[in-house]
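Count along the sequence shown from 1, add 46, and you get the number used in this note's numbering.
Glycine included, every Cβ here is placed at the ideal spot set by N, Cα and C.
Just below is one structure, and these are the notes that go with it.
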Amino acid sequence: MPGEEHERDPKHLVAEGYDQVADAYAHLEREETWPRMRWLKQLLAVLPPGSSVLDLGCGSGDPADITLAEQHQVTGVDISQAQIIKARQNVPSGTFFHADLGAITFSPNSFDAVVSFYTLEHLPREEHATILGRIATWLRPGGYLLLGTEAAEHAGSVGTWLGVPMFFSSYDPATVQRLICEQGMTIQETAMELQTEQGQQITYLWVLAQKA
Ligand SMILES: C[S@@+](CC[C@H](N)C(=O)[O-])C[C@H]1O[C@@H](n2cnc3c(N)ncnc32)[C@H](O)[C@@H]1O
């Protein structure tokens, strides 16, 4: 039963799910362009060339890391082996770790920017504050967080997504914004944005924040 599966191991379920749907996901942004690259351009406008950028839940690296790698050093983390294989092919200059972003660690002050798109909602929300705290530690002073995530009151459940069981869990937008601020980051820009997936309109919270 999906509910029992999620209680057993949501991370395993997500990893297996993305191993199966990596190709389908790569073709999902078809109907209209998503806001992701518009937000990334805002970050690129303030990042000096040669910056080190961490992408949490990097997926295949297409399109964000391919663009980032034109001017910056990219490190990516993804729990799906299939996605990491694609990322290494798509972004040969990048460094990619097949790992749970909720468990991986980096040295303090390692990155000029951390980005994470459409991923935080795949981790149990009880982990979100800790992860945001770690991100703040990994960022250098003045470094940026660019986050795009589902933001709705949702304790956590398994649904069907692209034909496979998939785990989702999230907080409402105000809570996500508060958690970011509580970790010593200041929100520079934020918005709720609609995008189309499989004919459905989905809303995501976007936040560009800076570490003090
Ligand atoms: C919707 S995709 C987004 C991929 C990419 N960020 C993008 O913009 O297209 C979500 C990605 O997060 C990864 N992911 C989910 N949970 C993760 C976790 N705990 N640790 C690392 N990666 C995770 C999935 O494997 C998947 O590649």
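Residue i: first and last residue of the uninterrupted alpha helix (DSSP H) it sits in
{"i": "arginine 224", "result": "219-228"}
{"i": "glutamate 62", "result": "56-72"}
{"i": "leucine 93", "result": "Counting along the chain, leucine 93 falls outside any alpha helix (DSSP H), and DSSP gives it neither H nor E."}
Neighbourhood of residue i by C-beta distance below 7 Å, restricted to the same chain and skipping five residues each side
{"i": "alanine 198", "result": "Ser216, Asp218"}
{"i": "proline 94", "result": "none"}
{"i": "valine 60", "result": "Ile125, His168, Met212, Phe213"}
Cβ neighbours of residue i in the same chain (closer than 8 Å, five flanking residues each side left out)
{"i": "methionine 238", "result": "Ala197, Pro219, Thr249, Tyr250, Leu251, Trp252"}
Boundaries of the beta strand (DSSP E) in which residue i is found, first to last residue
{"i": "glutamine 117", "result": "Run containing glutamine 117: none; DSSP gives neither H nor E here."}
{"i": "histidine 200", "result": "200-207"}
{"i": "arginine 171", "result": "Arginine 171 -> no beta strand (DSSP E), and no H or E assigned at all."}
{"i": "leucine 100", "result": "98-102"}
Closer than 7 Å: residue i CB and nearest ligand 1 heavy atom
{"i": "threonine 165", "result": "yes"}
{"i": "valine 123", "result": "yes"}
{"i": "leucine 147", "result": "yes"}
{"i": "glutamine 241", "result": "no"}
{"i": "alanine 159", "result": "no"}
Residue i in three-state terms, based on DSSP
{"i": "glutamine 260", "result": "Given a span of 47 to 258 for the chain in the structure shown, any question on residue 260 remains unanswerable."}
{"i": "isoleucine 150", "result": "coil"}
{"i": "isoleucine 125", "result": "coil"}
{"i": "valine 137", "result": "coil"}
{"i": "alanine 159", "result": "strand"}
{"i": "glycine 299", "result": "Outside the displayed range of the chain (47 to 258) lies residue 299, so it cannot be described from this structure."}
{"i": "glycine 49", "result": "For glycine 49, the pLDDT reaches just 44, beneath the cut-off of 50, and the residue's location in the model is therefore unreliable, leaving the point undetermined."}
{"i": "leucine 251", "result": "strand"}
Inter-residue Cα distance where the pair is residue i and residue j
{"i": "glutamine 241", "j": "glycine 179", "result": "28 Å"}
{"i": "glutamine 244", "j": "glycine 107", "result": "21 Å"}
{"i": "valine 67", "j": "phenylalanine 214", "result": "16 Å"}
{"i": "arginine 171", "j": "threonine 165", "result": "11 Å"}
{"i": "threonine 195", "j": "tyrosine 71", "result": "16 Å"}
{"i": "glutamine 247", "j": "leucine 89", "result": "25 Å"}
{"i": "glutamine 234", "j": "glutamine 256", "result": "7 Å"}
Proximal residues to residue i (C-beta, below 6 Å), its chain only, five neighbours per side dropped
{"i": "phenylalanine 142", "result": "Gly122, Ile130, Ala133, Arg134"}
{"i": "glutamine 119", "result": "Ser98"}
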